[in-house]
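Participant: Here it is, the structure in full.
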Amino acid sequence: MADHTGRLLEICVDSAEGLAAAIEGGADRIELCSALGVGGLMPSYGLMQHAKRTSPIPVYPLIRPRAGNFVYDEADIAIMEADIAQAQKLGLPGVVIGATTKNGHLDRQVLERLIEAASGLDISLHRAFDMVRDPIEALETAIDLGISRVLTSGCAKNVSLGMETLKRLSHQADGRISIMPGGGVTADLVPELLAATGIHEIHASGSASSKEDPSLVEFGFAPEQRRQTSPQVIRALKTIVLGV
0 MADHTGRLLE
10 ICVDSAEGLA
20 AAIEGGADRI
30 ELCSALGVGG
40 LMPSYGLMQH
50 AKRTSPIPVY
60 PLIRPRAGNF
70 VYDEADIAIM
80 EADIAQAQKL
90 GLPGVVIGAT
100 TKNGHLDRQV
110 LERLIEAASG
120 LDISLHRAFD
130 MVRDPIEALE
140 TAIDLGISRV
150 LTSGCAKNVS
160 LGMETLKRLS
170 HQADGRISIM
180 PGGGVTADLV
190 PELLAATGIH
200 EIHASGSASS
210 KEDPSLVEFG
220 FAPEQRRQTS
230 PQVIRALKTI
240 VLGV
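FYI, the numbering for the sequence shown is 0 to 243, going by numbering that gives the first Met the number 0.
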């Protein structure tokens, strides 16, 4: 659970190994994914089942059916509804959703369908939010939909570049929804993020670079370097998040 300060560190992972490392490092909540190399996709049912069985902290699966944009057709929506049903069946406490329209707004109709499918679960809005043209308008839509938190880099490539927008969003939220910075979060940025009014949740990968098996690289199964969830990095982030 989160510390008495009310501050919370969420870590995104895409494997059983990453999940175990995040728990060891002291994460407060897990965003469970596959394929973090493309920004994260829906985890397999098997990985969700493993997380439910082994994790002492809340696990929220990412509901994203494919790489690319967040403009979804009926087939995509049906897949997401089915994935949400699997998360509910396992008894996971929440899901992470998002959808946009072709003209750069949150897709209220799609989000309403996904929220209805996730009845009884806590809802996070993922970084589809960063693709909108008007973040203030989008924030009001998210609040109106009853979403608990928005994961955002401040509509920029990373939180460093989006810092001013993050502060503006946090001020606009005024306690009605949690603004959770994510995207390029590093230890040196956390104090400034937490100093913004109302920001108390931080999202990070908590990872460090590691060398890949050369044979996997040779046959095109992996890049030369990969990011690996690091308990040490997570502990350092957690210490700063808690301000101790």
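No residue lacks a Cβ here, since even glycine has one placed at the ideal position from N, Cα and C. Bear in mind the structure is a predicted one, so any value in this text is a computation, not a measurement.
(1) Report the residue ranges of all beta strand (DSSP E) runs contained in full by the segment 161 to 235; include only those spanning at least 3 residues, in chain order.
(2) Could you compute how far the alpha carbon of residue 129 sits from the alpha carbon of residue 116?
(3) What do you reckon, is the C-beta of residue 163 under 7 Å from a heavy atom of the ligand FAD?
(4) Go through its chain and collect everything with a Cβ distance to residue 107's Cβ below 8 Å, but skip five positions before and after it.
(5) Have a look at residue 121 and residue 94 and give me their C-alpha separation to the nearest angstrom.
(6) Going along the chain, which residues of its own chain have a beta-carbon closer than 6 Å to the beta-carbon of residue 157, five neighbours each way excluded?
(7) Taking Cβ positions only, does residue 166 come closer than 8 Å to chain C?
(8) Using the Cα positions of residue 29 and residue 12, report the straight-line distance between them to the nearest angstrom.
(9) Quick one: measure Cβ to Cβ for residue 22 and residue 41, integer angstroms, because I've assumed they're closer than 8 Å.
(10) Quick one, which of 47, 159 and 96 has its alpha-carbon nearest residue 123's?
(11) Please report how far the alpha carbon of residue 79 lies from the alpha carbon of residue 100, in whole angstroms.
(12) Within 10 angstroms of its Cβ, does residue 37 collect 16 or more other Cβ (buried), or is it exposed?
(13) From which residue to which residue does the alpha helix (DSSP H) around residue 93 run?
(14) Run through DSSP, which three-state label would residue 122 get?
(15) Enumerate in chain order the residues of its own chain whose CB-to-CB distance from residue 189 is below 8 Å, with the five nearest sequence positions on each side excluded.
(16) Counting Cβ pairs, one atom from each stretch, are 3 or more of them under 8 Å apart for the segment 162 to 174 and the segment 189 to 198?
(17) In this structure, how does DSSP classify residue 149 when only helix, strand and coil are distinguished?
(18) Give the list of continuous beta strand (DSSP E) stretches no shorter than 3 residues that lie fully inside the segment 3 to 78.
(19) Does DSSP put residue 138 in a helix, a strand or coil?
Facilitator: In short, the structure shows the following:
(1) If we require 3 residues or more, the beta strand (DSSP E) runs fully inside the segment 161 to 235 come out as 177 to 180, 200 to 203, 206 to 210 and 224 to 228.
(2) 24 Å
(3) The ligand FAD is absent from the structure shown, which contains no ligands of any kind.
(4) Around residue 107: 140 and 144.
(5) 6 Å
(6) 182 and 183
(7) Absent from the structure is chain C; it holds one protein chain and no more.
(8) 7 Å
(9) Contact flag wrong, Cβ pair sits at about 21 Å.
(10) 96
(11) 16 Å
(12) Result: exposed.
(13) No alpha helix (DSSP H) holds residue 93; the beta strand (DSSP E) holding it covers 93 to 96.
(14) Looking at residue 122 - three-state DSSP - the assignment turns out to be strand.
(15) 201, 236, 239 and 240
(16) yes
(17) The answer is strand: DSSP assigns residue 149 an E or B state.
(18) Listed in chain order, the complete beta strand (DSSP E) runs (minimum 3 residues) inside the segment 3 to 78 are 7 to 12, 28 to 31 and 58 to 60.
(19) It is helical.
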